[in-house]
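At position 246 of the sequence shown (counting the first as 1) the number is 1010 in this note's numbering, and the numbers step up by one without a gap. Beta carbons: idealized from backbone N, C-alpha and C, even for Gly. As the structure is a prediction and not an experimental result, all values here were calculated from the model. Working notes, beginning with the structure itself.
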Amino acid sequence: MNNFKISGFALAGAVFFLASTANAHHSFATHYDTTNVVEISGVLSEVKMRSPHSFFGVDVVTEDGTIETWDVEAHAVPILRRLGITKDTLKVGDTVTIRGPRSRRPEKLLLFGAEINTADGKRFEMLDSIRKAPDYAISDTREGITGIDRLTGKWMTFITGQKVSDSPMPLNDAGREARENFDPLVNPASKCVPSNLPSLLMIPYVYEIKRDGDDLDIFHEYATLHRPFTLGSSTPNVTDPSFGRRVGRYEDDTLIIESDGFPAMSAGLASGWEPNGNGADIPSSTQKELIERYTVNEDGSVLTLEYTVTDPAYLTEPYTAKVIWHRMPFDSTIYEFTCDAEIALRSTQNAAVLNKQ
């Protein structure tokens, strides 16, 4: 019989693999309780594979014979596709067993699908797939590649951790007040506004660097965003004003991108889903500036980004951190990312208001 149960299996182990993960675009920590891992078995009654999230409905037969419909949230289409999940993998009418952390809102029959098992024996690890270096990471085997060309190609990062706690950023009084007043039910993600810089640099989607002479393009699969500029030019490049104006240069084996001219944004310094936000968005002002410094290791397999963000309206001093990217095969597929406004709002409304301190 299809059923629902509070998982009695090795709960400590399950919490271990869940606790240091996050769900890009919306804050995982404000949505799901990693200490309350549950397992359900039932029949799929809804399949919506979308971006920035996917949702599945599962009809579960309870012990008294009634049917409960559970909502299961999952990753966006590009991540599902890399896991091997297509529209033919999970269909309405299929029997599944799903395990994951339950919603922080006990009135909701909702969990995050950390692990999805199908009746034909397929197993998909949703969260584990974005919290470690990709298995397909490679070194650079191109012949005669030197200088800035060593940075070109496709890259992927992974999420190292997120929790509901204080931010590592040096917030001033205005920054702390803004963070403490953050309402996860009212945030830009619900309207398909993509994460800004530097949050954008931590999302586990393809990050591609292309070069054509002195013209470089930084492409983000997430939100299908391009950030082009001309090397050595003093004239800033502006595509989407939300991401500022930028100039770039290459010196001492380092690609340096400097950006300013950002508009004030409600999540301009940090998003709740990533380690700088830790459960809450942090705004930015028009004084925000960002410096990105990219270097590649000897065998071309790892791209290290060191970024420094400044915003005296909310920070007491500049904040510096690092992001590690792993090289992907050059023929890796870039998937379409189109934000579904209905799905974005649906996910946002599942959040709980928490104490962030």
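Proximal residues to residue 1029 (C-beta, below 6 Å), its chain only, five neighbours per side dropped: Counted from its first residue, the sequence shown places residue 1029 at position 265. Within the same chain, residue 1029 has close Cβ partners 960 and 1048.
For residue 1003, does the three-state DSSP call read helix, strand or coil? Residue mapping note: residue 1003 aligns to position 239 of the sequence shown, counting from 1. Residue state, collapsed to three classes: coil.
Among 836, 1056 and 999, which has the Cα closest to the Cα of residue 1110? On the sequence shown, residue 1110 is found 346 positions in, with the first residue counted as 1. When only C-alpha atoms are compared, the closest one is 836.
C-alpha distance - residue 849 paired with residue 880, whole-angstrom precision: One-based indexing of the sequence shown puts residue 849 at position 85. One-based indexing of the sequence shown puts residue 880 at position 116. Taking the straight line from one Cα to the other gives about 11 Å.
In angstroms, rounded to a whole number, what distance separates the CA positions of residue 722 and residue 1061? Residue 722 lies beyond the range of the chain shown here (765 to 1121); nothing can be said about it.
In the DSSP assignment, find the unbroken alpha helix (DSSP H) run with residue 842 in it and report its ends. Translated into the one-based positions of the sequence shown, residue 842 becomes position 78. Where residue 842 is concerned, the enclosing alpha helix (DSSP H) stretches over 841-846.
Whole-number beta carbon distance between residue 984 and residue 868, since they are thought to touch under 8 Å: Looking up residue 868 in the sequence shown gives position 104. Looking up residue 984 in the sequence shown gives position 220. Residue 868 to residue 984, Cβ: 29 Å. No contact.
Cα-Cα separation between residue 1071 and residue 1112, rounded to whole angstroms: As a working note, residue 1071 is residue 307 in the sequence shown. As a working note, residue 1112 is residue 348 in the sequence shown. Rounded to whole angstroms, residue 1071 to residue 1112 spans 28 Å at the Cα level.
C-beta contact flag for residue 949 and residue 1115 at 8 Å: Residue numbering aside, residue 949 sits at position 185 when the sequence shown is read from its first letter. Residue numbering aside, residue 1115 sits at position 351 when the sequence shown is read from its first letter. Yes; because the gap between Cβ atoms is below 8 Å, this pair is in contact.
Suppose you measure from the CA of residue 995 to the CA of residue 911; what does that come to, to the nearest Å? Within the sequence shown, numbered from 1, the residue matching residue 995 stands at position 231. Within the sequence shown, numbered from 1, the residue matching residue 911 stands at position 147. Spanning the two alpha carbons is a distance of roughly 13 Å.
State the DSSP-derived secondary structure class of residue 829, mapped to helix, strand or coil. Looking up residue 829 in the sequence shown gives position 65. In the structure shown, residue 829 falls within a coil segment according to DSSP collapsed to helix, strand and coil.
So, is residue 785 buried or exposed, given that buried needs 16 or more other C-beta atoms within 10 angstroms? For the purposes of this step, residue 785 is identified with residue 21 of the sequence shown, where counting begins at 1. For residue 785, the predicted structure reports a pLDDT of 42, less than 50, and the residue's modelled location is therefore unreliable. A value from the coordinates is still provided. Buried, since its Cβ has 16 or more Cβ neighbours within 10 Å.
Excluding the five sequence neighbours on either side, which residues of its own chain have a C-beta within less than 7 Å of the C-beta of residue 845, listed in chain order? For the purposes of this step, residue 845 is identified with residue 81 of the sequence shown, where counting begins at 1. Result list for residue 845: 1099, in chain order.
Opening and closing residue of the alpha helix (DSSP H) in which residue 942 lies: Working through the sequence shown from its first residue, we reach residue 942 at position 178. Element bounds for residue 942: 937-944.
If you run the structure through DSSP and keep just helix, strand and coil, what is residue 795? Sequence index remark: in the sequence shown, residue 795 carries index 31 (1-based). DSSP, reduced to helix, strand and coil, places residue 795 within a helical segment of the structure shown.
Does the structure place the region 928-938 close enough to the region 952-969 that three or more beta carbon pairs sit under 8 Å? At 8 Å Cβ cutoff, the stretches do not touch.
Identify, in the order they occur along the chain, each residue of the same chain with its Cβ nearer than 7 Å to the Cβ of residue 1059, setting aside the five sequence neighbours on each side. Here residue 1059 refers to the residue found at position 295 when the sequence shown is read from its first residue. The residues are 1017, 1018 and 1068.
Scan the region 954-1037 and note each continuous beta strand (DSSP E) run of 3 residues or more that stays entirely inside, going in chain order. With a minimum length of 3 residues, the continuous beta strand (DSSP E) runs that stay inside the region 954-1037 are 971-976, 979-984, 989-994, 1009-1015, 1018-1024 and 1029-1034.
Can you name, in chain order, every residue of its own chain whose Cβ lies under 6 Å from the Cβ of residue 903, other than the five neighbours on each side? Counting from 1 along the sequence shown, the entry for residue 903 is found at position 139. Result list for residue 903: 1063, 1064 and 1065, in chain order.
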